[in-house]
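Below is one structure; the comments refer to it alone.
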Ligand code: 8YV
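Residue numbers (the working numbering): 252 to 570.
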């Protein structure tokens, strides 16, 4: 009998070294290398104790149900909307994510996008490379310092964004499911009111059904032709069709987007727009943060298999 817990990796993990590291301690199997994953699960599903996965992939009810011995799911990433809560809870399967360690990098990227779209950094870089500076001046841009920053979702990442806003002399307001008790900033009751007030609307709300399309056509119109949208949360929080239309029709000033409704597909209508900055979901993608996320996955699994407890369970999986 194999004494090492058996772990199933359902998709290539974003940190390559993590799989090798886990394989030193666990009997690791890569489902994504199987030519016929369904047949493999039918034959060997009963041998797995854990799943290692990532936030964008999660773990479906179908996968969970195919693993009758499953006890733990360790996720790489803070988001947990793709883990089937019902399927996991029904069987008391514990689920962990990697919160906090990525707050700073995600907030940094929110500001990178905000500064870029307001000041035209990437657009002016393209302008120089095209040789256009030899013929004309780059259009003037929008000031950031001293402006109003609206944060949609005042969780750990929203707070890190708010701290950075202080360095730019920005006034901060936010909208959250409930007022953040320890926040000195003005709380707006709805995304619409927040959008009406702010110059830059930064989306840092968690994904999932409860936040789907919180930013809709009405919110975008409230943000208005001088307002910018930044999204480092989930594409699902924004009605993407409404956003594309608002950008094409210049009903908002611009957008900085790290996340999309159907990644890695990005609406092609955005490619031609210079007032949009597009990133391929890179907010947590620094060596340091990805290493810290990987450490937390390892620590969660170690803690679970030695003590039965997780270090950072997702909220609905807490002890
Ligand atoms: C991804 C993220 O995890 O943490 C999250 O929820 O969306 C990202 O950090 C990252 O792309 C790795 O999959």
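Glycine is no exception: its CB is placed at the ideal position from the N, C-alpha and C atoms.
{"Query": "Nearest-residue set for the ligand 8YV, Cβ under 6 Å from any heavy atom", "Result": "265, 305, 306, 307, 327, 328, 329, 330, 353, 532 and 535"}
{"Query": "Continuous beta strand (DSSP E) assignments of at least 3 residues falling wholly in the stretch 371–408", "Result": "399–403"}
{"Query": "Integer Cβ distance of residue 329 from residue 307, believed to fall under 8 Å", "Result": "Not really, about 11 Å apart at Cβ, beyond 8 Å."}
{"Query": "Exposed unless 16 or more other CB atoms sit within 10 angstroms - verdict on residue 253", "Result": "With a pLDDT of 49 at residue 253, under the threshold of 50, the predicted position of this residue should be treated as unreliable, and no value is reported."}
{"Query": "Between the CA atoms of residue 440 and residue 520 - distance to the nearest angstrom", "Result": "33 Å"}
{"Query": "Residue from 366, 406 and 274 whose Cα sits closest to the Cα of residue 484", "Result": "406"}
{"Query": "Residue nearest to residue 256 in terms of C-alpha spacing, selected from 499, 354 and 321", "Result": "321"}
{"Query": "Environment of residue 398 [buried if 16+ CB atoms lie within 10 Å]", "Result": "buried"}
{"Query": "Cβ separation of residue 445 and residue 426, assumed to be a contact under 8 Å, to the nearest whole Å", "Result": "4 Å"}
{"Query": "Selected residue, minimal CA-CA separation from residue 469, among 450, 548, 379 and 503", "Result": "503"}
{"Query": "Which listed residue (471, 360 and 263) has its alpha carbon closest to that of residue 492", "Result": "471"}
{"Query": "Sheet register partners of residue 437 (DSSP bridge)", "Result": "424"}
{"Query": "C-beta contact flag for residue 362 and residue 378 at 8 Å", "Result": "no"}
{"Query": "Under 8 Å between C-beta atoms of residue 474 and residue 452", "Result": "yes"}
{"Query": "Contacting residues, own chain, Cβ-Cβ under 6 Å from residue 464 (five flanking each side not counted)", "Result": "490"}
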